[in-house]
Structures are given as C-alpha cells and as structure tokens.
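Contents: one structure, followed by commentary.
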Amino acid sequence: MAEPLFLTDLILALVLAIAGGLLGRRAGRSQAQPAPQQGEARRSPLVLYVTAAVVAARLAVAVLLLATSGWQLVTHRFLLGLPVVVLPLAWALLRRTAVAAHTTAMGAWLSFFFLYVPPGPQDLPVAAGASALVLATTIGASLLLGDRRSRGGRLARLPWLSGAAAMVTAAALGSLFLVSGSPTTDWGGGPERAGHSVHAMGHGHGAGASAMRSVDALTGPRDGTPDARFTLTAAHGAVRLSSGRAVDALTFNGTSPGPELRVTQGQLVEVTLVNKNVTEGVTLHWHGVDVPNAEDGVPGVTQNAVGPGGRHVYRFVPDRTGTYWYHTHRDAERSVERGLFGALIVEDGQQGVQHNVFTHLWPGGEDQIGAFGTTDSAERRAVPAGRQVVLRLINSSKEPHRILLGGTPFRVTAHDGNPIGEPGELKPGTDLLLAAGGRYDVAFTMPDGVVTLRLDTSEIPNEAALAFSPDGRAAPAALEQGDLFDRLSYGEPTGPEPEGGPYDRDFDLVLDNGFGFGFGGGSFTYTDTINGRLSPAVPTLMVREGDRVRMRITARGIIDHPMHLHGHRIRVISRNGEAVTGSTWWTDTLNVAPGESYEIDFSADNPGVWMDHCHNFEHAESGMVMHVAYDDVTTPYHGPAH
Ligand code: C2O
Ligand code: CU
C-alpha cells in the first residue's frame, strides 16, 4: 500500500513544482506590466486552481499514508513538506496578490526539495527554519518589486531568483554539514573515532574519561585449547552450478558456499582465516552470533582486512544455539555475492535429515542467477517417507526472497537462530519472506509425494527448485504464490518474559530514498539514506554498558531495507503499532519494507563499536551504514584509506 502512495507523491510533487513555477511566472508578468489591468490578477487564475488541486491530492496521499501506515511515515510531510506550500497557497487563494503567488511558487519548490532530499528527524527544526527564511526572502523581494513595476519585465524574476538563491545557499550549507566527518572509501571503513566526530543522539551520560577501552582489548578467550578448530582459506576458484554454468567465484577451502562449521554452544571455537590470493582482502563476520567486539570481523572497525598471504585467528564461545552464517565483511557487495560465505550451525538438537539451503544470487554477466546454494536448476533428492526434514534457509544474497514451499504442511521452528515457541502447522503453499541475511528453519515430516521448494524473486526469474521425494525421482511441482507467513502472530510466547522498559535510550531511524552525497563526498545520486544522511555522516548511536535501548525503524522510501545490528540480539515489539502476539520475535536482521515502522529493543550488554547497517550490500556500500558505540570504547582502526 505505502509504496504506490510514495511513488504517486513523488510524481505529484514534481507536477506541483511545475504548476507552482507557472503560477509564479504569471504573477511576475502581471506584476511587471507597466499599467496593470484592473483585476488581472483576480481573473480566471486557472493555474492557481491547478496548483491547489495538486496540493489537495498530495494532502490526500498523506492522509491515506497516515491511515494505512501511521504517523511515523508522514511526520516530515505534515510538519514540513506540506506546510511550506499549504500556508502560502491558502494566502494566495484568499488574497490573489502577486506576492502570495510568488510565495506559493517558492513553497511548491521547497516541498519538492524536501520530498527528493528528505531530512532526517534530527534535521527537521533546521529545515523548518531555513524554509521560513527562504519564504521570507521571497516575500521581501516581491514586495520590493511591487513598487517598481514600471521598470519592465526583467524584475519579474526577482522573487524567485532571490528565493532560489536563499534555497541554494541553505542546501549548500546543509550538505557541507552533512558530508563533514571522516571520509572513507570502504564501507567496512570505520566510524570516526568514538568521541571524535561521533555524534551522540541519546542523552549522553558523559563517559568518565579515565576508563576508555580499545576494541582490541575486547577479544574472546585468548588462552585455552579450543574445543573446535577450523581453517578457512579464501581463494579465487570456479563454482559450477547445477545447470552446468560456471561462476568466476571466491571460495573458502575451494568451495562455495564454504564448509559448514558445526559447533556446540559453550565450546571455545577457533577459526583461522587464511587469505591465499584475494586482493581486495578478506575478514570473517559471524552473522547473528554475538561474539566479543574484536572477533566481529569488520575491517576498519574491529581489525584490518587480511590481505593476500595474511592470516587472522578468531576465537569465541557461541552462547546460543541455532542457524547462523559467516561471510567476509570486506568489499562485501562483490565478495559475498561471489562466494565468500558459509553456514555456522550451533547444535540445537533438531532431529532428522538436515540441509542448509542458501538462497543466493550469483553474479552472471547481465543478470544475477537465483539459486539454492549451487542449485540453479531443478534438483531431486531422496528422503524416505516418514522422516523428519529440517531445512535451514539462509539468505546470503542482498535481496529479500519469497520462498515457496509446496506438497506438505510445515512448521517454522526457528528464526535467525532463535527457536520459536510452539510453532503452529502452516498449510502447504504458505510463502516465507526471508530477509537478506536472515534465516528460517523449516521442518516437516516427509510425505509419500513430492515436496517442492522454489525461489520467487520477481525481478530475477530463475529455474532453481528442490524436489524431495521418497525415491528421489519426482520432478518439482509448479507452485503459485500463496499467503505470506506473518511472524507477528506466529507461535506462542513461551520463553522467559522479555525485559521491556524502562529504557535508557530512545533512537529513531528513518530510512528514506533521496538525493544525497555518495561515498567519499563525490557523486550526488538518488540513493538510500538513514536519517537523511549517508555514512560516515550518519550520527553514531552512543550507549553505555547496561543500557536498555529502544529504537524505532521506519522505511519511508520505496525499497526494502534488511537492517542488521552486529553484536546484539534485538527483539521486535511492534510493527506499525501492532504488537507481536506470537512467540517472542528475536532477530538480528529485520527486513523493513516500504511503509513499515518497527519498534524494537535490545540490551547494551556487549561493549564495543558495532556496525548497524542495511544488509543489502549495495545500499550499505552507498552509505546505509551507521554504528552503535559504547561510550567507553575506542577503535584504533580507521579504514583502509588511513
Ligand atoms: Cu552479515 Cu555486517 O553483516
Ligand atoms: Cu537498504
């Protein structure tokens, strides 16, 4: 619902900018006439009515958005984007003067600007002040012009020119402010040193300057013999997909997905990363496992990327069971897509035939290739009837995937590694929407017939299918889209009651589409922003150990954003004001779709400087990256550029 409304509004705002321009032009002409005909400005002001109609349409869109998605979605429309044009327009409708018409024109342009370069919540007061200034300049210039109408037509442009000049100045000052910060070239590249250009959004307690800790000190156990030991060697290699296509890939130990690491909760795990020949560098991030900060594998924040010939040892003790995954965090947009990822399973006692099923998009020339792991065609597997089957679905791509499952009722037994309390049986043909980076464990009892799994990615047609049948011969069934699984009401709240408030910090994250300065401050493109900013200008969220933190994440743009906070498990409280009624919704990667507004909370119980970013690596690379930093932790790493 929200997405078409957003798009409609973008078009309406453009039409309004044009209509407003014509209105101002007309006012300028009539004002510049040596001897204005009586009532000229009063007669048949068609363009005024058109402008009013477009504004009315935009108001209707905003009200619809409010009704369907809630106040979070429309805050900046009602507080800023609409008032800047509605107020002057009301004036122009009441008093058909040239001054009012000029001001309406400028309001229409401001409104356009604020839709295409949306300010974050923290910038609303400044943006409102700047708008008032721009409108006042316009009024002043038109009044000045009013006395000089005999001078001829040229001055007719004065109000706009001065208003536009004020607007450009404000925008330039604003963007200067926005891109200030320490520029880096790599999105693994780090936050600004905590306490340096890191802006606190919370009410800071002010750290005692004495006890600052370095990220480097926050390691896993350094002593002791590991219970599980692995070596992962990253190297260039070819991956052959089931259709026969070969992908020029990056592999761990010669394969992609890399080897499954299966460990037990409480074990000391040691993984040695060796980079054979990946020039971009490699790290290992344990997605969803809340490891100590120094083991988190974020280049430029918790370590330097491991170059060719280098190695790095990670040691940590997994504290929860479930389905996790590992991937490189260096140049992730390309390197994960090309294959530097694998499954990390912390034994959870689920019984039966188990498969890790990655939903992946491989690079394939023009188009990406949708696949289950390396299965990009129909693959048949034998499972005896009556056996329990557990599919661990892991989305290693940058897009959310709709997964179709037909031929059997099933249960979703875990979400992002967290078991679901009393998972109810879902009817065959219930679709699962899996966030980029997210995981669902799906369980069913093998029937006599065929069970089919398909990947429904609207933009990327694909042939990937898995067919399970007792003799392993059955072809996969054709599947239609079905009802979407809704996590909000699924299962029962069985576990310990989640902690809730009172909260020490409250943060507001608004995800938008808009024009912004790209990485390195260079390009100006239509992109995805957090609170109107791009990294490294996105304010860091400062917390103190022990804080209870509440956050609201709202997607006002036209695209999904799977938000992933490192080092902490988050709990979803509500979506668009509707509370979670099913099993406690624990997650590490929350897909925030257009028009959705989630309230979440977490405990600041793992000190460090942590990434919080969109797991669509393309968005992350273009700046959808921020950090949650503890007020007593600093990082010595500063991105590869330093
Ligand atoms: Cu799975 Cu910061 O990543
Ligand atoms: Cu995104």
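Position one of the sequence shown corresponds to residue 0 (numbering that gives the first Met the number 0), numbered consecutively onward.
Glycine included, C-beta positions come from ideal geometry on N, C-alpha and C.
This one's a predicted model, so the numbers in the text were calculated from it and none came from an experiment.
Judged by DSSP secondary structure, Tyr115 falls within the alpha helix (DSSP H) whose first and last residues are 97-115.
Annotation for His560 indicates a beta carbon at 7 Å or more from all heavy atoms of the ligand C2O. Counting the other Cβ atoms within 10 Å of the Cβ of Gln264 gives fewer than 16, which makes it exposed. By the Cβ rule, the region 468-478 does not count as touching the region 576-593, because fewer than three pairs are nearer than 8 Å. Linking His563 to Ala463 through their CA atoms gives a straight-line distance of about 27 Å. Within the same chain, and ignoring the five residues on either side of Gly576 in sequence, the residues whose Cβ sits closer than 7 Å to its Cβ are Gly69. In the DSSP annotation of this structure, the continuous segment of the beta strand (DSSP E) that includes Pro258 starts and ends at 257-262. Here Gly308 is exposed: its Cβ has fewer than 16 other Cβ atoms, across all protein chains shown, within 10 Å. Minimum Cα-Cα distance from Arg228 among the listed residues Thr74, Val238, Glu259, Met541 corresponds to Glu259. Between Val312 and Gly607, the CB-CB gap reaches or exceeds 8 Å.
Here the C-alpha atom of Asp505 lies approximately 37 Å from the C-alpha atom of Ala442. Counting only runs of 3+ residues, the beta strand (DSSP E) found wholly inside the region 519-598 occupies 523-529, 540-542, 547-554, 560-564, 569-574, 584-586, 588-591, in chain order. Rounded to the nearest angstrom, the Cβ distance from Gly428 to Gly448 is 14 Å, too far for a contact under 8 Å. Ile138 and Leu9 have their C-alpha atoms spaced approximately 27 Å apart. Note on the region 287-336: whole beta strand (DSSP E) runs with a minimum of 3 residues are 310-315, 321-326, in chain order.
His614 and Gln387 have their C-alpha atoms spaced approximately 32 Å apart.
The straight-line gap separating the alpha-carbon atoms of Asp122 and Thr580 is approximately 35 Å.
With 16 or more other Cβ atoms from the protein chains shown falling within 10 Å of its own Cβ, Pro535 counts as buried. Checking the DSSP bridge columns, you'll see Ser602 partnered with Arg547. Per DSSP, the continuous alpha helix (DSSP H) segment holding Val60 begins and ends at 45-68.
The residue from Arg95, Leu339, Gly420, Ala293 with its alpha-carbon nearest to that of Asn274 is Leu339.
Counting only residues whose CB is nearer than 6 Å to a non-hydrogen atom of the ligand C2O, the list in chain order is His284, His286, His326, His328, Gly436, His563, His565, Met610, His612, His614.
Boundaries around Leu92 are those of the alpha helix (DSSP H), 82-93, since no beta strand (DSSP E) includes it.
For the options Leu63, Tyr439, Ala55, Gly364, the alpha carbon positioned closest to that of Glu2 is the one of Leu63. Looking at the backbone, the Cα of Thr224 and that of Thr320 are separated by about 21 Å. Annotation for Glu346: Arg261, Val262, Thr263, Gln264, Thr320 place their beta carbon closer than 8 Å to its own, counting only its chain and skipping 5 residues before and after.
Boundaries of the beta strand (DSSP E) harbouring His354: 352-361, taken from the DSSP string. DSSP places His612 in the strand class (E or B) of the three-state scheme.
C-alpha of Leu452 to C-alpha of Glu491: approximately 26 Å in a straight line. Here Leu240 has Val246, Trp361, Ile368, Ala370, Thr373, Thr374, Asp375, Ser376 as same chain residues with Cβ atoms under 8 Å from its own Cβ, once five neighbours each way along the sequence are excluded. Checking the 7 Å criterion, the Cβ of Met623 is within range of a heavy atom belonging to the ligand CU.
The Cβ atoms of Ile419 and Thr322 do not sit closer than 8 Å to each other. Between Val627 and Val542, the beta carbon gap of about 6 Å places them in contact (Cβ cut-off 8 Å). The beta carbon of Ala474 sits closer than 8 Å to the beta carbons of Ala377, Arg379, Val449, Ala466 from its chain, once the five residues preceding and following it are set aside; these are given in chain order.
Counting other Cβ atoms within 10 Å of its Cβ, Pro383 stays below 16 and is therefore classed as exposed.
Comparing C-alpha distances from Ser395 to each of Ala26, Gly106, Thr327 shows the shortest one belongs to Thr327.
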